[in-house]
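Chemist:
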Amino acid sequence: MAIYGASDPSRLGQLAIIADHLGLTNQEYQSALQRLREPHAITPNPRVSTLPTTMPSGDPSQSPADESGSRWAMSASDPLKESFLQQAKLLLANTSADTPANLRKLAAKLGVDDDQLERWLEEIYGPLVVAEPVYPDQEETTEEPKEQGPPKIARKAPQEMYSDYLDLALTAISSGRINERRETKLIAEGVEKLGLSPVLARDMLYAAAADRDYVMLSQLKVEEPASPVVDERSEQTIAAFQQRAGTIIASQGGVSSVCRAMIADAAAEFGLTTEEKEKALAALQRQDESRLFDPLEERIEAFRRFAALKLKKTESQIVGDLLTKQLIQIGIDLHGLPEETAAATAREVIAASGLRVVTLDQAIAHLLSIVDDLLADEGFISIENRKRLLAEARQWGVSRAEAGRIIEEHIAKIEQKATRRRRRIFASVMMSVLTLFGGLAAIYWGKPEWADFGQGSGETAGELANNPGLASEEAEGFHRLDWWSEPLMTEFVFLRTRRTDLQPATAAIAKNDPEQRSKGYVEFTTKMVNDLTQETDPKHAEQIRSIVRRLAIEEPDDAAYQALTQGLIKRIPAKQAKIVPSGRFAQSFAALSLLVDAAAQNELAVVRREGIIQQLEDRLGVVTVPSSDLAAVFADELARNQYRSLLELAETDADKAKQVHLQLQPVVRANVNKLLASNLDGDALLAILPRIRQDLNRYRSVLDQQISQRNLSVMLRLIELLESGEASPHITNQLQRMLARAINVKTDQMQPTDAAIVMRNALAGLAGQGDVGEMARFFVGQAQKIGITDREFGSPDEWLNESVDFARISALGAAAAQKESGRRLFQSLSSDVPEKIKASGAISRRAPTKDRMKRIQEGIRQLSRANDARRRIMAYENLATLVRGSDDLDYFHAERLVDYLLDKKLADEHDAIVRRVNEFRYSSMLRLALSDHLEGTVMPLSELQRMVSEIIGRQVILNDKLTWKEDLRRILLSDALPMLDAEENAAGEDVSGDVLEQAAAGLLDYYLIQAEIAGLSYEQRMALRTPSEALTAIIQLQTEQLGAAKLSPELQAQLEEAVLQTRVVPLVARNDLAKTVALQRIWLELAAIDAVRAQPNSRLATEQLIAKLREIDRGSHNIFQQLRNGEAALVRMQLIRMEA
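In terms of UniProt numbering, the sequence shown has 358 at position 358, counting the first letter as 1, and numbering is strictly consecutive.
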């Protein structure tokens, strides 16, 4: 523009391209052209150096106006001058140019002499001196001498450099608006030239624009049209539906086909149309998106992708400390993450990549191990090997310089050790030589005194003969017995040399007299057990074991042998022994290991071996088989006994139990398998935690260690404890936080019951996504808490809910047993939560007692005497509590109650009465009295219908206003007569039909899944309508499969018996519920046959399970309890088959 002008048509196209490249809008482009067309003078930048001084030529009185024409006039006939002036103006317009020097260079290039240069410059600037301006704050420093050299400028961080760039770039934008093209180019500057992540560059640009109140056009959003006006009730319905949908999505772990079906059911329940449902879900999604938007999360995700790509490109399968630090620094510098966040994200990505993470210490240890191998093989480090070491170090994340230094220091240490070893060897040799020569000299010059030892003559023998005390003292010392083998004697010598404190104990058993030796074994076994628990050197521990087992094998006297074994047996607590703090738990396991080790020796006599095993069985209360691993069986049983006693202690003294658990836990973990130890700890935690009322303190470490192991079984039980609310609020909060952190879910601001649902679903997802072992462990964790119960009291709703839930867990176990082929069903079942059966209001009957009859009569009298509403309500509620679940109300008192029920009352009192009238549901006399008093009632028909519905337990609708009294009387009498006719009803038979339908639907769903796993076709499954039909189909299919298999005669007889029972069930069962209960038992029998056929060692467990179920069935008159126990037995059978 300085050369051609702003109005040159041939240049307008280029200017438009430049404006587009810079991201200028059309308005900005036109404004810039207008400014370029305006006449203006090119003035030098204030920061340029001083221009050459020119003296005025002509009359000083000549006005500037007169000179202006000649100053700017350019001769068209002088092309050299025109070219110079044009290029000079460009130089002057460049603010960063060294103007005087460049002007002289230009003059020399064009061949212009100094006189012409000064004249032409005078035409531009006139006779003036252009000097560099002096600012006020520089006046005092201009005369000071300059420093010898420029100061070093520290390299700025990429974020600071980009921030400076944005300051300059945004300052140049005068419109205050940044379009998308310019935004893209500004972000690209930070990404391409500085290496920043696009997310960080974008965030920094948005922040800089916000500081200047600039408008980002990409962030402008079209305002959404206003939502249509809805009434308050509709809005509440939609809000309730959104809350339900959010809970469903959270419980299912995301949107799936099952989740969509559940949401559709919820929409139908709230009465929403399809359009309203979609709008509500869209609004819910927008809320979630706005709530989840977090710039830091975006940066973390960007850094996570970068780190994953970086690790994917690495050729090594090892991630060293150096690479980890580089990734963290990149996250800080180029992604704008805090150091802790960058480190955590980097570790997460490394763990997910499957690469091996190596710390600096591990890398150094690996490097030094290679150095040791090379030195052992070759004796030195060659140049080639050194290069290989440095390359290996680099691959393991150690820099070359650091690796070289470490190698040199290690070699120097090895040389120092070698030097010291050589010195010690030389000193030992010299001492041996001197000792040898000293001994030879002593032999040569005279016979030593010890040469006469034991020969019965000489001075020493005489002293022993003349001093009986000295002789007895020598006799009591340690000496070898005749029956000690050479290996045993050698072990004794080494032990006494190493442990002088054990010399008295070993001397106590070095007695020829068996009786004295038996007494010595008491002290000896105590010392050996204590020493074994404190010994850290495996060689020394094996020495103790070797001595004990050699004594057990070689001891000739049976009484002394019994003293040896009894000394160890007594250190093992008996099965029923109570546990106490400082119970010497480690000594118990050490004594047990010594006995088992002795019994495992082939040299031990069979009688002695069987004796040890029998004593341990009696002591621990366990039975073993010849093929058992004795060490594992006895150690496991000892641990179970200890924890069983711990649970008993927790019931009476939780603080002492907590102290004992802290001592017992590390000992048990060191002596039994990890799974058993974890389960036992889980039992103890569930018994102790609900009884702790203060802070966990030291006990928190036990809980934290248990949770960190991620044992699914224990985790599920801890979640149940959290959900139950049995623990104190403080303990519950701590437990919730620890579980959420271990499972990696967010439960902040959640109630414990809601948090338990989220955690349980997360665990189910982990089990379903893991290997088949995880699926099995998840089922075991669910099934171990289930057992057959003999408790008689319980509502039918409770029994039915448990039955449906147990059916789900049984199907879960069947899916887990299928391994990979059952993964789909397992994932569906593990996240499924059966809908609770709505309470039927039925209450188990209670046997009448004389005391309660008197209290009922007194309650009726109080109700009659009460003279205000508050007292009447209190007397009525007290009476309802007394009568609840019984038919103890006689007709006389029932009439007094009906008089009160039908009497005129205020609305509040009437509502309070109706709310609890269902507690008189078992009273037949109340039905009769109510039917007799319908004639004189003035209660509105609607309220009377409501009250009678509550009493009989089902909805009553009276449509005919003329005959409603007769209809209602007939309903009450028909409901009361069966209760009067039956002297004894089976408990649980009076449940409403809708409750039974809900339970049947739940059982049928899970039976159909079992049928699918068993191999029933889709068409056959769809034809099944009731639980009994599903069980019949499963039993028939399983019978055919077992019939085709090769069974032993005993199993074949059991199969034929089961087939016969199947044929009899339809003849004796009076309804589908009774039929289902009977078929459960047959299915259990077939499952036991299949389990024994596959694993013969499971016979005892299956027989015990079936026998226990039969025993409880004989004493149960509640069909719902029988249904529940049948499902529990099926779950236990699945557990037996999985553990066999």
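All C-beta atoms, glycine included, are put in the ideal place defined by N, C-alpha and C.
What does the Cβ neighbour count give for His661, buried or exposed, with the cut at 16 atoms within 10 Å?
Modeler: Label assigned to His661: buried.
Chemist: Check whether the Cβ of Val607 sits closer than 7 angstroms to any heavy atom of the ligand MG, and report yes or no.
Modeler: Summarising the ligand content, the structure contains no ligands, and the ligand MG is consequently not present.
Chemist: State the Cα-Cα distance for the pair Arg970 and Ala1074, rounded to the nearest angstrom.
Modeler: Roughly 30 angstroms separates the two Cα atoms.
Chemist: I'd like the list of long-range same chain contacts for Glu189, defined as Cβ closer than 7 angstroms, with 5 residues on each side in sequence excluded.
Modeler: Only Tyr165 meet the Cβ criterion.
Chemist: Would you call the CB atoms of Asp321 and Leu367 closer than 8 angstroms?
Modeler: Against a cut-off of 8 angstroms, the Cβ pair of Leu367 and Asp321 comes out as no contact.
Chemist: Compute the Euclidean distance between the alpha carbons of Met216 and Val199, then round it to the nearest angstrom.
Modeler: The straight-line gap from Cα to Cα measures roughly 16 angstroms.
Chemist: Taking the alpha-carbon of Arg916 as reference, which of Glu935, Leu879, Asp932, Ala894 has the nearest alpha-carbon?
Modeler: Checking every option, the nearest Cα to that of Arg916 belongs to Leu879.
Chemist: Below 8 angstroms between beta carbons: does that hold for Leu968 and Leu958?
Modeler: Yes; because the gap between Cβ atoms is below 8 angstroms, this pair is in contact.
Chemist: For Ala814, count neighbouring C-beta atoms within 10 Å of its own C-beta (all shown protein chains included) and say buried if the count is 16 or more, exposed if not.
Modeler: Buried, since its Cβ has 16 or more Cβ neighbours within 10 Å.
Chemist: Looking only at DSSP bridge pairs, what is Met216 linked to?
Modeler: Answer is Ile178, bridged to Met216.
Chemist: Roughly how many angstroms separate the alpha carbons of Gln1122 and Ala577, rounded to a whole number?
Modeler: Going from the Cα of Gln1122 to the Cα of Ala577 covers about 36 angstroms.
Chemist: Nearest-angstrom Cα distance between Ile364 and Ala393?
Modeler: Taking the straight line from one Cα to the other gives about 8 angstroms.
Chemist: Which first and last residues belong to the alpha helix (DSSP H) in which Thr652 is found?
Modeler: Element bounds for Thr652: 630-652.
Chemist: How would you call Trp396, buried or exposed, if buried means at least 16 neighbouring beta carbons within 10 angstroms?
Modeler: Buried, because 16 or more other Cβ atoms sit within 10 Å of the Cβ of Trp396.
Chemist: Considering only the alpha carbon of each residue, which of Leu296, Leu327, Ile249 lies closest to Phe306?
Modeler: Answer by Cα proximity: Leu327.
Chemist: Below 8 angstroms between beta carbons: does that hold for Phe524 and Ala508?
Modeler: Contact flag set, yes.
Chemist: Give the C-beta separation of Gln587 and Asn530 to the nearest angstrom, bearing in mind that I take them to be a contact with Cβ-Cβ under 8 angstroms.
Modeler: Contact holds; Cβ gap of about 7 angstroms.
Chemist: Between which residues of its own chain and Asn1125 is the CB-CB distance below 8 angstroms, once the five residues before and five after are set aside?
Modeler: Within the same chain, Asn1125 has close Cβ partners Ile788, Thr789, Leu1109, Ile1112, Asp1113, Ser1116.
Chemist: State the start and end residues of the unbroken alpha helix (DSSP H) segment that holds Lys1075.
Modeler: From DSSP, the alpha helix (DSSP H) with Lys1075 extends over 1072-1094.
Chemist: Are the CB atoms of Arg299 and Gly336 within a distance shorter than 8 angstroms?
Modeler: Yes, Cβ-Cβ distance for Gly336 and Arg299 is below 8 angstroms.
Chemist: Am I right that Leu800 and Ala999 are in contact with their C-beta atoms under 8 angstroms? What's the rounded C-beta distance?
Modeler: Yes, Leu800 and Ala999 are in contact; Cβ-Cβ is about 4 angstroms, under 8 angstroms.
Chemist: Go ahead and pull the three-state DSSP assignment for Val660.
Modeler: DSSP places Val660 in helix when its eight states are reduced to three.
Chemist: Does DSSP classify Val622 as helix, strand or coil?
Modeler: If DSSP states are grouped into helix, strand and coil, Val622 belongs with coil.
Chemist: Report yes if the C-beta distance between Gln242 and Ala268 is below 8 angstroms; otherwise report no.
Modeler: Contact flag unset, no.
Chemist: With DSSP as the reference, label Val580 as helix, strand or coil.
Modeler: Residue state, collapsed to three classes: coil.
Chemist: Suppose you measure from the CA of Arg498 to the CA of Ile613; what does that come to, to the nearest Å?
Modeler: Straight-line Cα distance between these residues: approximately 33 angstroms.
Chemist: Determine whether the beta carbon atoms of Arg1093 and Leu1047 lie at a separation below 8 angstroms.
Modeler: A contact, by the Cβ cut-off of 8 angstroms.
Chemist: Assign Glu637 to one of two classes, buried (16 or more other C-beta atoms within 10 Å of its C-beta) or exposed (fewer than that).
Modeler: The residue in question, Glu637, is buried, as its Cβ has 16 or more Cβ neighbours within 10 Å.
Chemist: Keeping to the same chain, check which residues put their C-beta closer than 8 angstroms to that of Leu889; ignore five residues upstream and five downstream.
Modeler: The answer, listed in chain order, is Ile856, Val883, Leu897, Phe920, Ser923, Met925, Leu926.
Chemist: Skipping 5 residues on each side, what residues in its chain have a beta carbon closer than 7 angstroms to that of residue 1144?
Modeler: Outside the shown range of the chain, which is 1 to 1140, sits residue 1144, and nothing can be said about it.
Chemist: Taking Leu595 and Leu616 to be in contact with their CB atoms under 8 angstroms, please state how far apart those CB atoms are, rounded to whole angstroms.
Modeler: Correct: roughly 6 angstroms between the Cβ atoms.
Chemist: Looking at the structure shown, is Ala574 part of a helix, part of a strand, or coil, going by DSSP?
Modeler: It is coil, neither helix nor strand.
Chemist: Apart from the five residues just before and just after Arg946, which ones in its own chain have a Cβ nearer than 7 angstroms to its Cβ?
Modeler: Excluding positions up to five away in sequence, the list reads Val914.
Chemist: Evaluate Leu168 with the Cβ neighbour count: other Cβ atoms within 10 Å of its Cβ, from every protein chain shown; 16 or more gives buried, anything less gives exposed.
Modeler: Exposed, by the Cβ-count rule.
Chemist: CA-CA distance, Ile1119 and Asp1005?
Modeler: So the two alpha carbons sit approximately 21 angstroms from each other.
Chemist: Which residue comes first and which comes last in the alpha helix (DSSP H) that contains Ala727?
Modeler: No alpha helix (DSSP H) contains Ala727, which DSSP labels as neither H nor E.
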